[in-house]
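I have placed the structure first, in the form of structure tokens, so that the comments after it can refer back to it.
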Amino acid sequence: MKKIGILGGVGWASTLDYYRGLCAGSWQRQIKNGAKTHSGPLPCPRITIESVNQAETRSLRGRPGEEDSWAAFDAVFRNALLVLQTAGCDFAVIASNTPHARLHAIRQGVEMPVLSIFDATAQVVAKTKAASALVIGTRVTMQARNYAEVLAPYGIRANPTLPAAEIAEAQSMIDEDFHGGASATARTRLLRFCQKHASAGEAVILACTELPLAFPDHIDEPSFEAAGVLFINPSAAHVAAALDLAEKETEGQAPA
198 MKKIGILGGV GWASTLDYYR GLCAGSWQRQ IKNGAKTHSG PLPCPRITIE
248 SVNQAETRSL RGRPGEEDSW AAFDAVFRNA LLVLQTAGCD FAVIASNTPH
298 ARLHAIRQGV EMPVLSIFDA TAQVVAKTKA ASALVIGTRV TMQARNYAEV
348 LAPYGIRANP TLPAAEIAEA QSMIDEDFHG GASATARTRL LRFCQKHASA
398 GEAVILACTE LPLAFPDHID EPSFEAAGVL FINPSAAHVA AALDLAEKET
448 EGQAPA
């Protein structure tokens, strides 16, 4: 199995969820394939975590449409990926939606593959047969059109960019109710936002890796329904894509 690199810290609660999801998911796959024929633990993927400082990366965010203003932000994530590459990781995942808006720049000079959370999520949305999707995430994610671009080839419409006040409301919800995990009121506040903005039958993409923590019973499901809403969990989709790649045989290498 290939060695996985996790670029985490943005924030730490979702980084923990990625590590747990990769290990638990690997076990579940092996058991499903009949590997559990003895007592004792099954092997987990080899994983290295490089954690960045969320307070620093938040302060280094650039301005929409001004490519040069993101240089310092990009450099922090690029350097972290290079650490993972030096540690022998075969590929990496960034356990956060926000920096994926800058993935085109962040991975410049990085030789190992970096799995896109956008691509993994779009494939899951397509499987639900939803015709449209509402994207909820940080200010950077909601201002960008990355999800709209990856969904379009599947014939799925993403919501138009919401007004600045509504984007600010989503960012405030993440900062106040999802810092270090989901608060006691996080789920209620999130559902209220969905009821305000999502249309009937529309898929709601939880495009901040902390948001799925409000639904612990569905934490490993790439798509699920709760309170009459069809939710997409990009974290679970990303983890599943990472396990698929980790299990894929290296070209010219015999199975273990």
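Take 198 as the starting number for the sequence shown in the working numbering and just add one per residue. Even glycine gets a Cβ: it sits at the ideal position worked out from N, Cα and C.
4 or more residues per run - each alpha helix (DSSP H) lying fully within the region 219-249
none
Straight-line CA distance for Leu465 to His394?
Not covered by the structure: residue 465. The range shown for the chain is 198 to 453.
Between the CA atoms of Ala355 and Ser396 - distance to the nearest angstrom
12 Å
Could you give the DSSP three-state label for Ser420: helix, strand or coil?
strand
Below 8 Å between beta carbons: does that hold for Ser223 and Thr406?
no
DSSP three-state label for Val307, please.
coil
Could you say if the region 213-232 and the region 295-314 meet the contact criterion of at least three C-beta pairs nearer than 8 Å?
no
Compute the Euclidean distance between the alpha carbons of Val426 and Asn250, then round it to the nearest angstrom.
33 Å
What separation, rounded to the nearest whole angstrom, lies between the Cα atoms of Gly206 and Ser248?
5 Å
Return the chain-ordered ranges of every alpha helix (DSSP H) run that is complete within the region 283-347 and spans a minimum of 4 residues.
300-303, 314-325, 336-340
Measuring CA to CA, which of Pro357, Val322, Val307, Ala272 is closest to Pro350?
Val322
Can you list, in chain order, the residues of its chain whose CB lies under 6 Å from that of Ile291, leaving out five sequence neighbours each side?
Leu204
Would you check if there are 3 or more beta carbon pairs closer than 8 Å linking the region 384-394 to the region 324-336?
yes
If you measure between the beta carbons of Ile353 and Ala379, is that distance less than 8 Å?
no
Does the Cβ-Cβ distance between Pro431 and Ala404 come in under 8 Å?
yes
Residue nearest to Val311 in terms of C-alpha spacing, selected from Ser293, Gly377, Phe428, Glu418:
Ser293
Relative to the C-alpha of Ala465, which candidate in Gln305, Arg226, Gln320 has its C-alpha closest?
Absent from the model: residue 465. The displayed extent of the chain is 198 to 453, so no value can be given.
How about Ala439 and Asp417: do their beta carbons lie closer than 8 Å?
no
Can you round the beta-carbon distance between Arg486 and Gly231 to whole angstroms, since I take them to be within the 8 Å contact cut?
Since the displayed the chain opens at 198 and closes at 453, residue 486 lies outside it and no answer follows.
Give the straight-line distance between the Cα atoms of Leu257 and Ile228, rounded to the nearest whole angstrom.
44 Å
Look up Ala434 in the DSSP assignment and say whether it is helix, strand or coil.
helix
So, Ala443 versus Ile246, is the Cβ gap smaller than 8 Å?
no
Consult DSSP for Ile371 and reduce its assignment to one of helix, strand or coil.
helix
Own chain partners of Thr325 with C-beta closer than 8 Å, once the 5 adjacent residues on each side are dropped:
Ala400, Ser420, Leu427, Ile429
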